[in-house]
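Working notes, beginning with the structure itself.
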Amino acid sequence: QVQLVESGGGLVQPGGSLRLSCAASRSIFSFNVMAWYRQAPGEERELVASITNGGGVNYSDSAKGRFSISKNMAKNTVDLPMNNLKPEDTAVYSCSARLPTQAYWGQGTQVTVSS
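In the working numbering, the protein residues as written are 3 to 117.
Below is the structure:
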C-alpha cells in the first residue's frame with residue numbers, strides 16, 4: 003500500500019509564498035507521474051502541476067510562472083513552491099502518484115490566502 007503525506011500548507015497573505023511537500027512511502031521514481039491537485043469549496047478538483055518519471059512538467063494556466071514542481075531525490079518528496087499567492091489559490095492541495103493501472107492520493111493540506 004502506498005502512502006502519500008502532504009505538508010507545508012497554512013495561512014498566508016496575498017503575495018506571499020508557501021512550499022508544499024509530498025512524501026511517499028516508496029520511491030517517487032517508481033511512479034509514472036506525480037502531481038499536485040487542488041479543490042476549492044464548491045469547485046471540482048483541478049490539476050495544478052505534474053511531473054513525469056522522465057522529468058517532464060505540466061502546469062495549469064493559473065500556476066504557470068508562480069508555482070514550480072520538482073522532485074527531491076534526497077528526501078523522496080515532490081515539492082511545489084508557490085509564489086505570489088492569490089486569494090483564488092485558496093484550496094485543499096492533494097498529492098497524487100500514478101501507475102499505469104492505479105492512482106494513489108494523499109489526505110491533502112489546506113492553503114488559505116487571505117489578508
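Even glycine gets a Cβ: it sits at the ideal position worked out from N, Cα and C. Remember, predicted model here, so these are calculated numbers, not experimental data.
What is the DSSP secondary structure of residue i, counted as helix, strand or coil?
i	result
residue 32	helix
How close, in whole Å, do the beta carbons of residue i and residue j come, if the pair is a contact with beta carbons under 8 Å?
i	j	result
residue 71	residue 82	5 Å
Span of the beta strand (DSSP E) holding residue i?
i	result
residue 83	79 to 84
residue 47	Taken as a continuous stretch (DSSP letters only), residue 47 belongs to no beta strand (DSSP E), as it is neither H nor E.
residue 111	111 to 115
residue 104	104 to 107
residue 94	93 to 101
Would you list the residues sitting across from residue i in a DSSP beta bridge?
i	result
residue 55	In the DSSP output, where bridge partners are listed per residue, residue 55 has none listed.
residue 23	9, 81
residue 72	81
Confirm the yes/no value for this check: CB of residue i, any heavy atom of the ligand ADP, distance under 7 Å.
i	result
residue 100	Annotation note on the ligand ADP: not contained in the displayed structure, which lists no ligands.
If you count every other CB in all the chains shown that lies within 10 Å of the CB of residue i, and 16 or more means buried, which is it?
i	result
residue 11	buried
residue 59	exposed
residue 21	exposed
residue 8	buried
residue 26	buried
residue 91	buried
residue 103	exposed
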